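In case it helps, the working numbering puts the sequence shown at residues 3 to 127. Built from N, CA and C at the ideal position, the CB exists for glycine as well. Small disclaimer: the values here were computed from a predicted structure and weren't measured. In what follows, a structure is listed as structure tokens, so that the remarks can point back to it.
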Amino acid sequence: MIRDISRELAENHDNKVPDTIEGLLKLKGVGRKTANLVVTMGYGKPGICVDTHVHRIVNRWGFVDTKTPDETEFALRKKLDKRYWIILNDLLVAFGQNVCKPVSPFCGRCRLNDLCRRTGVLKSR
């Protein structure tokens, strides 16, 4: 896959990585998460990188009601001011790894405990 993308960039993009989500999505093997990551980290442009942590947490909170990470990205784009888009993934990945774990989250030590709907949480600590 890396060779295919490299070849595509060399042959069709003057060896430059596209700086738009749409341009990146045209590359074989590049999905929305990767495209958003490249646009935000590589070019400093607004984007929302939605991984499993971001998808799970914002749904658990009840902030969005979506079935897939792609749906979550589009819902967050509508709800959040652009100034929060880039930092969202970094904050929620760390939060999801340390507090709002997939199974048995640490709700008792979470500062958002009173605001969270705990959607899908069957057991917490």
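Terminal residues of the alpha helix (DSSP H) in which residue i lies
i	result
SER8	4-14
THR74	71-81
THR54	54-63
ARG34	34-39
GLY110	Segment: none, GLY110 is in no alpha helix (DSSP H) and carries neither H nor E.
LEU27	23-27
Reduced DSSP category for residue i - H, G, I as helix; E, B as strand; rest coil
i	result
ASN100	helix
ARG120	coil
ASN139	Past the edges of the chain, shown from 3 to 127, lies residue 139, and the structure says nothing about it.
ILE89	helix
THR68	coil
LYS30	coil
LYS84	helix
GLY44	helix
Looking at C-beta atoms only, is the number of pairs between the region 87-97 and the region 49-64 that lie closer than 8 Å three or more? yes
The region 3-11 touching the region 27-36, judged by at least three CB pairs closer than 8 Å: yes
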